[in-house]
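> Numbering (the numbering used here), first residue to last: 2 to 332.
Shown below is the structure under consideration.
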Amino acid sequence: MMKKMTYNFANRKVRIFLATDLLDHLTETYQTTHEGFIIADEKVPKHALDKLKNHYDIKHTIRIPSGDGSKSLSHYEAIIDVMVEKEFTKATTIFAVGGGMIADLCGFIASTYYRGVHLVHIPTTLLSMVDASIGGKTALNFQPYKNIIGTFYQPKAILIDPNLLDTLPKRHFNNGFAEIIKIALVKDAKFFDDLLHDRLILEDIITRAIELKGAIVEEDTFDKSVRHLLNYGHSIAHALESHYGTTYLHGECVAYGIKQMSEGKPYYKDLLTVLKRYQLDLDIPYKKEALFKHILHDKKRSKNILSIALVDEPGKGYIKDIAVETFIDYL
Ligand SMILES: NC(=O)c1ccc[n+]([C@@H]2O[C@H](COP(=O)([O-])OP(=O)(O)OC[C@H]3O[C@@H](n4cnc5c(N)ncnc54)[C@H](O)[C@@H]3O)[C@@H](O)[C@H]2O)c1
């Protein structure tokens, strides 16, 4: 059955459709008379793109090399070049088919081409289904700075077909669970308990994670207050990503970050159990002082104050402003 959710993110209506085999039932999802432009990760299976082409009026398709290196100004420029050359107008819908890299890159393109053309996300990684495609953050990297260029821009629709995960490598599948476990811990004790006891099927896990993120983004679309809750474990995660480059995946660093932030809390053992199920109970080695240098560049820092999310008991995340130098105690 097709699940349909509608969110209002700062007066932008975003429709989310979710079903196993969704790509075979596109008539029940988002419709448009626009000319379509597919921007897809090179690893997305061809049959997925064929199904989109059979349903929408697709004028052109391009494939993007996989990896975060494609979230760059040079790829941005190359794609805009194609759009100009193919004479795409304002009446264009970009279909972004891929993981978080594609979501961020296409979001930025859609938000800037003619000051905004329509965007539809078709996430193909678990991380993008539950996180990157939801909430309207777009980004490019500007070496060595990750996500330093970006806008807020909402897609018209997000089409989620869990079948697309069939070809996703296991490590990337597990990676998506870090953000799912995080949002359960921060917002929904029952969801955390369901994850702990492995009671839910994947489709329901994806749905619940989206509902929780959707509610937070509706309340704080532009990341000024409660949306900071989504950063639970992320100060450490981002520092690890800066320190290690691409050695560890984002979710793996987030998992490590939430583990560190949860040490000594009553749910710590349960957290380790869930992380272990998805091979996210990694020990990532580092020297405190070296990692702390990266914390000083945290986006959530303003002057000497760092805004961090904390969870004392599952479902009850809160935000606390701390003096940045005291964060070293969490490392
Ligand atoms: N905008 C946001 O709110 C937000 C949130 C979290 C992460 N992000 C961004 O998302 C990116 C990470 O996302 P990701 O983990 O999805 O990484 P990704 O997009 O790089 O995809 C991971 C890997 O899976 C491959 N892949 C994708 N779909 C596939 C499929 N169906 N079958 C086989 N292989 C497939 C890709 O080629 C890549 O090798 C980062 O750039 C991060 O900054 C953005």
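Positions of the beta carbon are idealized from the N, C-alpha and C atoms, including for glycine.
1. Relative to the alpha-carbon of residue 323, which residue among 19, 317, 296 and 126 has its alpha-carbon at the smallest distance?
2. Where residue 138 and residue 15 are concerned, what is the direct C-alpha to C-alpha distance, given to the nearest angstrom?
3. Can you give me the C-alpha to C-alpha distance between residue 145 and residue 266, rounded to a whole angstrom?
4. Beta-carbon separation of residue 10 and residue 218 under 8 Å?
5. Please report the Cβ distance between residue 42 and residue 99, rounded to the nearest whole angstrom; I am assuming they are in contact, meaning their Cβ atoms lie under 8 Å.
6. With respect to 7 Å, is the separation between the Cβ of residue 55 and the closest non-hydrogen atom of ligand 2 below this value?
7. In the structure shown, what three-state DSSP assignment does residue 303 receive?
8. Would you call the region 229-244 and the region 153-169 in contact, with 3 or more CB pairs under 8 Å?
9. For residue 197, which residues of its own chain have a beta-carbon under 7 Å away from its beta-carbon, when the five flanking residues on both sides are left out?
10. Identify which residue in 224, 173, 51 and 328 has its Cα closest to the Cα of residue 136.
11. Rounding to the nearest angstrom, what Cα-Cα distance links residue 72 and residue 129 in this structure?
12. Is residue 25 near ligand 1, in the sense that its beta carbon is under 7 Å from a heavy atom of that ligand?
13. Does at least one heavy atom of ligand 1 sit under 7 Å from the Cβ of residue 62?
14. Counting along the chain, where does the beta strand (DSSP E) carrying residue 326 start and finish?
15. Are there three or more Cβ pairs, one per stretch, closer than 8 Å when the region 92-108 is compared with the region 149-158?
16. On the three-pair Cβ rule with 8 Å, is the region 114-121 touching the region 79-97?
Quick look at the numbers:
1. Ranking 19, 317, 296 and 126 by Cα distance to residue 323 puts 296 first.
2. 13 Å
3. Their Cα atoms are separated by approximately 35 Å.
4. Yes, these two residues count as a Cβ contact at 8 Å.
5. 3 Å
6. In the structure on display, ligand 2 does not appear, and the ligands it does have are ligand 1.
7. strand
8. no
9. 271, 274 and 275
10. Among 224, 173, 51 and 328, the Cα nearest to that of residue 136 is on 224.
11. Rounded to the nearest angstrom, the two C-alpha atoms are 15 Å apart.
12. The answer is no for residue 25.
13. no
14. Run containing residue 326: none; DSSP gives neither H nor E here.
15. Yes, they touch.
16. Counting Cβ pairs under 8 Å, three or more are found: they touch.
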